[in-house]
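Student:
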Amino acid sequence: MNWDWEKLQQRQKERSRTNGSGTGGSGPRPPQVDDIINKFKNFKFSGVWILIVVALLVLLAGSTMVYTVQTNEVGVIQRFGEFSKTTQSGLHFKLPAGIEKVTKVKTKRVYTEEFGLKADELSDSRSFGVSNDEIEVAMMLTGDLNVGLVPWIVQYRIKDPYNYLFKVADVRQLIRDMAEASMRLVVGDRSINEVISKRQEIAVAASVRLQKDLNEAETGIEIVTVELGNTNVPEPVQDSFNEVNRAVQQKEEVIYNARKDYNQVIPSARGQAEKTIETAKGYAINRINQAEGDAARFLSRYEAYMEAKDVTRRRLYLEMMENVLPELGNKYIVDSQQDNLLPLLNLGLKKGVPNAGQ
Amino acid sequence: MQANKYIAIVVVLIIAGFVFLSSAYTVDETEQVVVTQFGRVIGDPVTEPGLKFLIPFIQQANYFPSNIQAWDGQPGQIPTLDKTYIWVDTFSRWRIVDPVAFLRTVTDTQSALGRLDDIINPAVRNVVTSHELIETVRNSNREMTTLDQEELDDVKSEAIKEVVEETEEEDRRQYKIKVGRATLTKMMLDEAQPKLEKFGIEIIDVKIKRVNYVKGVRNSVYDRMIAERKQMAEKIRSIGQGEARKIEGDKERDLLEIQSGAYRKAEQIKGEADAKATKIYARAFEKDAEFYTFLQSLEVYQNSLEGTDLVLSTDSEFLRYLNDFKSDSE
Chain W
2 MNWDWEKLQQ RQKERSRTNG SGTGGSGPRP PQVDDIINKF KNFKFSGVWI
52 LIVVALLVLL AGSTMVYTVQ TNEVGVIQRF GEFSKTTQSG LHFKLPAGIE
102 KVTKVKTKRV YTEEFGLKAD ELSDSRSFGV SNDEIEVAMM LTGDLNVGLV
152 PWIVQYRIKD PYNYLFKVAD VRQLIRDMAE ASMRLVVGDR SINEVISKRQ
202 EIAVAASVRL QKDLNEAETG IEIVTVELGN TNVPEPVQDS FNEVNRAVQQ
252 KEEVIYNARK DYNQVIPSAR GQAEKTIETA KGYAINRINQ AEGDAARFLS
302 RYEAYMEAKD VTRRRLYLEM MENVLPELGN KYIVDSQQDN LLPLLNLGLK
352 KGVPNAGQ
Chain D
175 MQANKYIAIV VVLIIAGFVF LSSAYTVDET EQVVVTQFGR VIGDPVTEPG
225 LKFLIPFIQQ ANYFPSNIQA WDGQPGQIPT LDKTYIWVDT FSRWRIVDPV
275 AFLRTVTDTQ SALGRLDDII NPAVRNVVTS HELIETVRNS NREMTTLDQE
325 ELDDVKSEAI KEVVEETEEE DRRQYKIKVG RATLTKMMLD EAQPKLEKFG
375 IEIIDVKIKR VNYVKGVRNS VYDRMIAERK QMAEKIRSIG QGEARKIEGD
425 KERDLLEIQS GAYRKAEQIK GEADAKATKI YARAFEKDAE FYTFLQSLEV
475 YQNSLEGTDL VLSTDSEFLR YLNDFKSDSE
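Top line first, the protein sequences correspond to chains W and D. Going by my numbering, 31 is the number at position 30 of the first sequence; the sequence numbering is gapless. Going by my numbering, 352 is the number at position 178 of the second sequence; the sequence numbering is gapless.
Here is the structure:
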């Protein structure tokens, strides 16, 4: 073992001598002042080394002087931490790292934040395993002190990179907090019915509110859209809400039936009324025509009668007698000289037998 | 000797560079700096971003954020004035307005958050506890409709509309607020802000992120919601019934109106026709009433004497010629 150790030291010495300045400090032996002086001597004599180091430095600095900005982003340049300019998409140069710093902000990209959407799925499939927090996000008190589940998303983009980067720390968290606050503010002023049936209106109101808050906070954020998922009530209450829906159906049905009944009866009654009126009109025409006919007949006869009054009277009388006599029952002709005719007639027998035509 | 001179220059340059670098510091747009010398504050705080200098080794730059910071409240159970336990989660935005005071009292952001906890949380609690629940929930007295407008559009009956509107009015009264959430959060801010001034901290706002019933209260709230819904279902059903009754009533009324209208019109037409006929008869017959009577009598005899026994005297005009053939005039 001893000879090994000696050999090793020997070799080490040789290596450090041949390597020169390059890896001088890496040996197990601590660097000596002599070595450092030697190193500088070597530096001085070989200008090649200086050139290489300078080239490396230039290359290093140069690589931090070029940057590209993609089409959906802008570059924000800070010189010694101070904002100097923004650059649009393309290849750009800047001063090397340590002096100028570039931060790329995706201004065209639309970011999406979701709020309680999983709670929505939960109430649909009634599955478990969704964290309680998800439901807490969507759960809100309404203006009539009911509890509603309102899941929603907020889409936004970075409109002002300067404000976005420098005015507020952790903008994303602020957007989330503000979105929740503004949504609850809007929902808090609405009844549970409105929360369930007027989603669009709520989304618009929340979006306006949120944008106003974010502008005041100078976040540089522009809300693209706020959209509500399926608004609902907590599961234990859903049945009773369905009952209201059923009641609405029933209400509609009852009204429908009443209308149907009305529609069955009234048009038919109107027809009947028309008929009654038309019949009356028929009666009127009939009556007047008859009257006019009778009148015309009378007038014609009257005119004829006026020409020969006496003869016509007689004729008419006799014609009547001619018609009547055959139809009569027993006919008795009594002489005007006869005083008592009752025994002959035997009228007593006919008493109590009306309409005796034998 | 020449070599040593070069070495000395290089060493001096390196040292000079080192001193220069350690005396320069940059302040970012989101930062502000307080320069201290052995713990003592030197000059005004540096709030403008850019490249700055100080005396190396002796002076020290203490960095603080200059942008708006977030504080997230610990959600907690708070009873309201009407003894409902609710879960209130707040957040706040704050910034360091006096970095020197901040450095002296709280030193860093982490402990600042602790101070904010100690001050804002109780402020939130005080304000919520001294108001009714509705004041925390609502922000304005915006009119709410508890029944769908569509449900009411169906309803034609004015009486039903009135009843529904009355109950809605009742609801509105019940959920009317005196101050509202915006004022409440303002009160929280006003209560907390003065206590934070000595820390060099300004709170920009306090906002309520979430308000919910605590778990224990939820079930009874659900029960109330269910009861309310049942009541509403009944209301809707009875609106339906009422509306149907109204339609039935309309039907009866329309039916009677139609029928009686038709009767009236028919009788009127008939009467007019009768009157007209009478006039026509009268106009014709009045030319010779005696002749009309004569004719009519003859007609009546023909039609009504069938089967009757008749006693005729030979005196009568008709049988005059039965005894005698002589003319009257002779």
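In this text, a Cβ means the ideal position worked out from N, Cα and C, and glycines have one as well. Here the structure is a predicted model, which means the values were calculated and not measured.
Distance check for D:F227 and D:N217, CA to CA, integer angstroms please.
Tutor: According to the sequence displayed, residue 217 of chain D carries Gly and not Asn. The alpha-carbon atoms of D:G217 and D:F227 are separated by roughly 13 Å.
Student: Which runs of the alpha helix (DSSP H) at least 4 residues long sit entirely within the stretch 203-243 of chain W? Give them in chain order.
Tutor: Qualifying alpha helix (DSSP H) stretches: none in this window.
Student: For D:V485 and chain W, any beta-carbon pair shorter than 8 Å?
Tutor: Yes, its Cβ sits closer than 8 Å to a Cβ of chain W.
Student: In this structure, what does DSSP give as the bridge partners for W:G76?
Tutor: Answer by DSSP bridge pairing, in chain order: W:T88, W:K105.
Student: Return the bridge partner residues of D:Y237 from the DSSP annotation.
Tutor: Answer is D:V207, bridged to D:Y237.
Student: Counting only Cβ pairs nearer than 8 Å, list the residues of chain D close to W:D190.
Tutor: Correct list: R312, N313, S314, R316, M318.
Student: Express the C-alpha separation of W:A98 and W:E135 in angstroms, rounding to a whole number.
Tutor: When rounded, the distance between both Cα atoms is 43 Å.
Student: Taking D:T204 as the reference, which of W:T69, W:L52, W:D171 has the closest Cα?
Tutor: Checking every option, the nearest Cα to that of D:T204 belongs to W:D171.
Student: Flag D:P253 as yes if its beta-carbon sits less than 8 Å from any beta-carbon of chain W, otherwise no.
Tutor: Not an interface residue.
Student: So what does W:M140 bridge to, in DSSP terms?
Tutor: Per DSSP, W:L150.
Student: Kindly provide the ranges of any beta strand (DSSP E) runs that are 3 or more residues long and lie completely inside the stretch 315-398 of chain D, ordered along the chain.
Tutor: You should have 375-387.
Student: Runs of 3 residues minimum, wholly inside the stretch 178-233 of chain D: which ones carry the beta strand (DSSP E) assignment?
Tutor: You should have 198-201, 205-211, 214-220, 224-227.
Student: List the endpoints of the continuous beta strand (DSSP E) containing D:G166.
Tutor: Any answer about residue 166 of chain D is impossible in this case: the structure gives chain D only from 175 up to 504.
Student: Around the Cβ of W:V242, are there at least 16 other Cβ atoms within 10 angstroms (buried) or fewer (exposed)?
Tutor: Residue identity check: residue 242 of chain W is Phe in the sequence provided, not Val. Burial call: buried.
Student: How should D:D292 be labelled, buried or exposed, when 16 other C-beta atoms within 10 angstroms of its C-beta is the threshold for buried?
Tutor: Exposed is the call here.
Student: Could you please give me the residues that DSSP links to D:K409 through a beta bridge?
Tutor: Paired residues: none, contrary to the question.
Student: Within its chain, find whatever has a CB closer than 8 Å to the CB of D:I232; leave out the 5 residues flanking it on each side and keep chain order.
Tutor: Closer than 8 Å at the Cβ level, and outside the excluded window around D:I232, lie Q211, F212.
Student: Measuring straight from C-alpha to C-alpha, what distance separates D:I189 and W:K107?
Tutor: So the alpha carbons of these two residues sit roughly 42 Å apart.
Student: Determine, using beta carbons only, whether W:P235 comes closer than 8 Å to chain D.
Tutor: Interface residue, yes.
Student: Check whether the Cβ atoms of D:F208 and D:N236 lie closer than 8 Å to each other.
Tutor: Residue identity differs from the one stated: residue 208 of chain D is Val in this sequence, not Phe. Yes, the Cβ-Cβ distance between D:V208 and D:N236 is below 8 Å.
Student: Ends of the alpha helix (DSSP H) at W:I176?
Tutor: Where W:I176 is concerned, the enclosing alpha helix (DSSP H) stretches over 172-188.
Student: Using a Cβ-Cβ distance under 8 Å, would W:A281 count as near chain D?
Tutor: Yes, its Cβ sits closer than 8 Å to a Cβ of chain D.
Student: Over the uninterrupted beta strand (DSSP E) stretch that includes D:F265, give me the two end residues.
Tutor: D:F265 -> beta strand (DSSP E) spans 259-270.
Student: Can you give me the C-alpha to C-alpha distance between W:G25 and D:A286, rounded to a whole angstrom?
Tutor: Bear in mind that a pLDDT of 41 at W:G25, under 50, signals an unreliable position, so the number given afterwards is only what the model happens to contain. Those two C-alpha atoms are separated by around 50 Å.
Student: Going along chain W, which residues have a C-beta under 8 Å from D:P223?
Tutor: Residues of chain W passing the Cβ test: Q79, F81, G82, E83, F84.
Student: Pull out every residue of the stretch 59-71 of chain W whose Cβ sits closer than 8 Å to any Cβ of chain C, in chain order.
Tutor: Of the protein chains in this structure, namely W and D, none is chain C.
Student: In angstroms with no decimal places, state the Cα-to-Cα distance between W:A139 and W:L60.
Tutor: When rounded, the distance between both Cα atoms is 54 Å.
Student: For W:Y318, which residues in chain D fall below 9 Å Cβ to Cβ?
Tutor: Here the neighbours are F468, L472, E491, F492.
Student: By a C-beta neighbour count over all protein chains shown, 10 Å radius and 16 as the cutoff for buried, is W:E181 buried or exposed?
Tutor: Buried, since its Cβ has 16 or more Cβ neighbours within 10 Å.
Student: Should D:S522 and D:I377 be called a contact, given that it needs their Cβ atoms to be closer than 8 Å?
Tutor: There is no way to answer for residue 522 of chain D, as the model of chain D reaches only from 175 to 504.
Student: What residues from chain W crowd round D:T488, counting only those whose CB sits closer than 8 Å?
Tutor: Per Cβ cutoff of 8 Å: I334, V335, D336, S337.
Student: In its own chain, which residues sit with a C-beta less than 7 Å from the C-beta of D:Q251, not counting the 5 before and 5 after it?
Tutor: The answer, listed in chain order, is Y259, W261, V388.
Student: Measure how close the beta-carbons of D:A418 and W:I256 come, nearest whole angstrom, since I'm counting them as under 8 Å.
Tutor: Contact flag correct, Cβ pair sits at about 5 Å.
Student: Can you tell me whether DSSP reads W:Q156 as helix, strand or coil?
Tutor: Strand at W:Q156.
Student: In three-state DSSP terms, what is D:F499?
Tutor: Three-state DSSP puts D:F499 in coil, outside helix and strand.
Student: Please confirm if the stretch 83-91 of chain W is in contact with the stretch 191-210 of chain W, defined as three or more CB-CB distances below 8 Å between the two stretches.
Tutor: No, the stretch 83-91 of chain W does not touch the stretch 191-210 of chain W.
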